[in-house]
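Taking it in order: structure first as structure tokens, then the write-up.
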Amino acid sequence: MEQYENSEAGSAEEGAQGTAEPEPEAEQAGDVGKLRREAAGYRTKLREAEQERDTLRERVERHERGQVEQLAGEWMGNAADLWLVVSDLGELRNQDGELDTERVKAAVDAALADRPHWRREAEYVDLHGGVRDSVPEPQPLPHFGEQLKRAVRGGH
Numbered sequence: 020m021e022q023y024e025n026s027e028a029g030s031a032e033e034g035a036q037g038t039a040e041p042e043p044e045a046e047q048a049g050d051v052g053k054l055r056r057e058a059a060g061y062r063t064k065l066r067e068a069e070q071e072r073d074t075l076r077e078r079v080e081r082h083e084r085g086q087v088e089q090l091a092g093e094w095m096g097n098a099a100d101l102w103l104v105v106s107d108l109g110e111l112r113n114q115d116g117e118l119d120t121e122r123v124k125a126a127v128d129a130a131l132a133d134r135p136h137w138r139r140e141a142e143y144v145d146l147h148g149g150v151r152d153s154v155p156e157p158q159p160l161p162h163f164g165e166q167l168k169r170a171v172r173g174g175h
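First residue of the sequence shown? That's 20 in my numbering, and the numbers climb one at a time after it.
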């Protein structure tokens, strides 16, 4: 009987302790909610970091495209035409991901070989010096004495 009484006493003590301590399911539910909020915060930070990364990547790409166009502008009339031939900026980068001027020059040369009318025309500078093609011959003016004789005779 003592065993029975002890087991009843043990279950009574467990019942008293059970009300004092939170149930494991309620504790897990609170922990799960806390973990979910924490994970949501990390996802938000991740999205912000990805957006910032994409913005910076676009800025770097615009800068590199400007550099390529500046290089291509030395040989092409309209450097933006190069993007009609080169579809991806990655084609102009080296193994380290940096722009390769030799690859840019090769792409420009290939484009100009196929489309020579894209070549930059030599700038014409006229300094208005040198010999002119059509310089009129000066007409000899009559002497003063001849003009005086004409005036006296009445002929103009």
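Ideal Cβ placement from N, Cα and C applies to all residues, glycine included.
This structure is a prediction, so every number in the text was calculated from the model and none was measured.
Among L101, Y143 and R139, the one whose alpha carbon lies nearest that of A125: Measuring from the Cα of A125, the nearest candidate turns out to be L101.
Indicate whether the contact test is met: 3 or more Cβ pairs, each with one atom in the stretch 132-141 and one in the stretch 91-107, closer than 8 Å. Touching, yes, given that three or more Cβ pairs across the two stretches are closer than 8 Å.
Burial state of G34 (16 or more Cβ within 10 Å): Residue confidence is low: G34 scores 47 on pLDDT, short of 50, so the model does not pin down where it sits. Its coordinate-derived value is still stated next. It counts as exposed.
Would a C-beta distance cut-off of 7 Å place Q108 and V123 closer than the cut-off? For the record, residue 108 in the displayed sequence is Leu; it is not Gln. Going by C-beta atoms, L108 is not nearer than 7 Å to V123.
Are the CB atoms of Q86 and L54 nearer to each other than 7 Å? At the C-beta level, Q86 and L54 stay beyond 7 Å of one another.
From what residue to what residue does the alpha helix (DSSP H) around L167 run? Secondary structure note for L167: its alpha helix (DSSP H) is the uninterrupted segment F163 to R172.
Could you name the residues of the same chain whose beta carbon sits closer than 6 Å to that of G52, not counting the 5 residues immediately before and after it, in chain order? Within the same chain, G52 has no close Cβ partners at all.
Checking the sheet assignment: what are the DSSP bridge partners for R138? Its beta-bridge partners are M95.
From R76 to L65, what distance separates their C-alpha atoms? If you take the alpha carbons of R76 and L65, they lie about 16 Å apart.
Looking at V127: is its Cβ nearer than 7 Å to the Cβ of A91? In contact: V127 and A91 (Cβ atoms closer than 7 Å).
Distance between E80 and R72 (C-alpha atoms, nearest Å): Between the alpha carbons of R72 and E80 lies a distance of about 12 Å.
Assuming D128 is part of the alpha helix (DSSP H), what are its boundary residues? Going by DSSP, D128 is part of the alpha helix (DSSP H) stretching over T120 to D133.
Report buried or exposed for A129, applying the criterion of at least 16 other Cβ atoms within 10 angstroms of its Cβ. When all chains shown are included, A129 counts as exposed.
L101 lies in the alpha helix (DSSP H); which residues open and close that run? Segment L101 to V104, the alpha helix (DSSP H) holding L101.
Could you pull out every residue in the same chain whose Cβ sits closer than 7 Å to the Cβ of E121, ignoring the five residues on either side in sequence? Within the same chain, no Cβ atom closer than 7 Å to the Cβ of E121 is found once the five residues on either side in sequence are excluded.
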